[in-house]
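Undergrad:
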């Protein structure tokens, strides 16, 4: 070997060694799967823990943002056919919206293919059905989330009162408990979807008609019951923390944890945070009950496969299936009611999640949004008008009538036959 | 002269680049604005002529967002200008420490807008926000910063002023440095008061820079989005819904891209008119504006 050829060989060997040592080159063989959700404990656990290492050769990257930003980002991404979204957090109402627009991959074939390997029959069919639209399965269900009533048990015990069962009782108790330092109630009305979650309950609790007719989707929120519901919200607002019109669930959670609110509606997935001594001043003092009047929201939560992703759909499905295995779902039971019966019926899991009892009772009367795929656009109109009523920009009846007119026009434009 | 004509060829690359990044999107937006374009069904876009524009100007929401924009943009630019000029004059009078202060006060301008807005939100949030918690330590209760329509407007103006007053200070202070000191000293010898010096010497000397900062800030304030989006989302109700928030809502919540594009075009025309009016007002020297 000549001097020069020795140098060339040494240079080649060094380059090869360097290339192998560089993380960028090594990871060129691994693909990245981008998972999008809003930041809350359920997503943090499943994306940042349960999905990690699920399928060799694929890194799962977490993309978490606020609830509002997540919803808008995903809608824009899906509508524009972006290949950036590989997996997205979704729930029944989103499955209908996205499914109608052909933005999601149907996964019926994969569900069948992996039914035995991943024991998918452990997930009840009625839960799986919530992830279907037009007969096709679009989402992988991981759990249930519902909104129930958080209340300060210590203060209720002191006063010798029980959690309210009607809206009128709720208003009376909110007034009785209200102090300058601690609000009697708590409303969480940040536009759009956060507010819609809370308003959904108020409209349902006021009467059987809810806010949209379940079949024709004709607005019902401006009927006398709906007007009464918003009048009661307006009354409750006097006993709610200032800024309730812009507060999101994070702010509401902090209000409970810091002892600044006595009671109010909140997601079951936030219950565990009340007993976190690092964040909460009220460990063991908050208890949970079905919401007065019933009719709060229940959703099946999970993940969907956007059709515009360039990652193989089977790989993405397997990441979800691996993350849903019973041993991994046990870890997620703190943040949602698990969809697998084997995990839900585990006595230890039930014992360590004292809010499960209230959640299960809540589900008896709870319901999801009316099944209109355009619920988000409808919600934007309704929430804006309700805000105008609550901030005294216009009377409640006028605001709801205006909203009903706009919603009818919108849905007609989208092809619905509304009389 | 002929060689000058040939110089146009040197401008051609810049013009092409400008056309690609500015004129193409602009014409594309104008084209989109005459279509009924629902983002979910892009293949069903239909030509509707001026219908989107007519829809906009006949609905109350457009006028309410326009008046909110005028109020919020006008209020914040005015506040920033007054504060900026006042601070710049103070710095100009300082014998030492002006440079250090100038650097420190730039921090709000350096922070990413959304991060700054989030920081402001945690300041203004009720009960446990920085301001309310500080007031509470003196047994005081703060107003409903983000929840009441009037306070929300003011909060948004204050937030914008917090972020952009440093820009005003920076530009006006630089302008003050360029004024001939002899002019001010002569005025003083002639017995002019501080206000007279400001009105008759300093402001006329600063006029080109004042025009520059006002135009830049008016254009910016009309595009004001991130802070409002994070702080109030346009609410409560429609109290802080500006033209940009309304455009966002039309485009990305209701996916009505045609109508959103029409609103964008209307906003562009409004800002152009406003900028030209500002330039005209500041430069009609003969008619005695200054």
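Protein chains in written order, with our numbering: chain A, 608 to 1026; chain B, 6 to 295. All C-beta atoms, glycine included, are put in the ideal place defined by N, C-alpha and C.
#1: Classify residue 947 (chain A) as buried or exposed, calling it buried when 16 or more other Cβ atoms lie within 10 Å of its own Cβ.
#2: Kindly indicate which three-state DSSP category residue 131 (chain B) falls into: helix, strand or coil?
#3: So, is residue 95 (chain B) buried or exposed, given that buried needs 16 or more other C-beta atoms within 10 angstroms?
#4: If residue 47 (chain B) sits next to residue 157 (chain B), beta carbons under 8 Å apart, how far is it from one beta carbon to the other, in whole angstroms?
#5: Quick one, which of A:694, A:725, A:728, A:746 has its alpha-carbon nearest residue 715 (chain A)'s?
#6: Between the beta-carbon of residue 654 (chain A) and the beta-carbon of residue 669 (chain A), is there less than 8 Å?
#7: Please work out which residues of its chain come closer than 8 Å, Cβ to Cβ, to residue 825 (chain A), disregarding the five sequence neighbours upstream and downstream, and give them in chain order.
#8: Would you list the residues sitting across from residue 580 (chain A) in a DSSP beta bridge?
#9: Give the interface partners of residue 51 (chain B) over in chain A, defined as CB-CB distance under 9 Å, in chain order.
#10: For a contact meaning CB atoms closer than 8 Å, what does residue 237 (chain B) contact in chain A?
#11: Curious, which full-length alpha helix (DSSP H) runs of at least 4 residues does the region 792-845 of chain A contain?
#12: So with Cβ pairs under 8 Å, would you call residue 1016 (chain A) a contact of chain B?
#13: Can you name the residues of chain A whose CB is closer than 7 Å to the CB of residue 72 (chain B)?
#14: With a CB to CB cut of under 7 Å and the five nearest residues on each side skipped, what residues in its chain are close to residue 647 (chain A)?
#15: Go ahead and pull the three-state DSSP assignment for residue 16 (chain B).
#16: Say whether the region 777-792 of chain A touches the region 857-870 of chain A, bearing in mind that this needs 3 or more beta-carbon pairs closer than 8 Å, one atom from each stretch.
#17: Leaving aside the five residues before and after residue 830 (chain A) along the sequence, list all residues of the same chain whose C-beta is less than 7 Å from its C-beta, in chain order.
#18: For residue 53 (chain B), name the three-state secondary structure that DSSP assigns.
#19: Could you give the uninterrupted runs of the beta strand (DSSP E) lying entirely in the region 661-742 of chain A, keeping only those of 3 residues or more?
#20: Closest to residue 639 (chain A) by C-alpha separation, out of A:972, A:963, A:922, would be which residue?
#21: Residue 133 (chain B) versus chain A: which residues are under 8 Å apart at the beta carbon?
#22: Starting from the C-beta of residue 124 (chain B), find all residues in its chain whose C-beta is less than 6 Å away, skip the five residues before and the five after it, and write them out in chain order.
#23: Closest Cβ-Cβ distance between residue 273 (chain B) and chain A: below 8 Å?
#24: Exposed or buried, which one is residue 680 (chain A) when buried takes at least 16 other CB atoms within 10 Å?
#25: Run down chain B in chain order and give the residues with a C-beta less than 7 Å from the C-beta of residue 995 (chain A).
#26: Going along chain A, which residues have a C-beta under 7 Å from residue 45 (chain B)?
#27: Identify the continuous beta strand (DSSP E) that holds residue 639 (chain A) and give its terminal residues.
#28: Suppose the cutoff is 8 Å on Cβ atoms and the five residues either side in sequence are ignored; what does the same chain contact list for residue 692 (chain A) look like?
#29: Classify residue 115 (chain B) as buried or exposed, calling it buried when 16 or more other Cβ atoms lie within 10 Å of its own Cβ.
#30: Could you spell out where the alpha helix (DSSP H) holding residue 1012 (chain A) opens and where it closes?
#31: Going by beta-carbon coordinates alone, are residue 698 (chain A) and residue 907 (chain A) separated by less than 8 Å?
#32: Please return the same chain residues whose Cβ sits closer than 6 Å to the Cβ of residue 135 (chain B), not counting the five positions on each side in sequence.
#33: Hey, is the region 987-994 of chain A in contact with the region 963-979 of chain A, meaning 3+ C-beta pairs nearer than 8 Å?
#34: For residue 149 (chain B), go through chain A and note every residue whose CB falls closer than 8 Å to its CB, in chain order.
#35: Can you tell me the Cβ-Cβ gap for residue 215 (chain B) and residue 279 (chain B), rounded? I've got them flagged as a contact below 8 Å.
#36: Comparing the C-beta of residue 280 (chain B) with each C-beta of chain A, is any distance below 8 Å?
TA: In this structure, then:
#1: buried
#2: coil
#3: exposed
#4: Actually they are not in contact, since the Cβ atoms of residue 47 (chain B) and residue 157 (chain B) sit about 36 Å apart, beyond 8 Å.
#5: A:746
#6: yes
#7: 819, 1015, 1025, 1026
#8: Since the first and last residues shown for chain A are 608 and 1026, residue 580 (chain A) lies out of range.
#9: By Cβ distance, chain A contributes nothing, its closest Cβ being about 12 Å from residue 51 (chain B), past 9 Å.
#10: 853
#11: 800-813, 831-844
#12: no
#13: Within 7 Å Cβ-Cβ: nothing; residue 72 (chain B) doesn't reach chain A, min ~13 Å.
#14: 876
#15: helix
#16: yes
#17: 816
#18: coil
#19: 665-672, 694-698
#20: A:922
#21: 861, 862, 865, 867
#22: none
#23: no
#24: buried
#25: 242, 243
#26: 686, 708
#27: 638-645
#28: 641, 643, 681, 684, 685, 913, 915, 916
#29: exposed
#30: 1003-1020
#31: yes
#32: 128
#33: no
#34: 849, 850
#35: Incorrect: roughly 16 Å between the Cβ atoms, too far for contact.
#36: no
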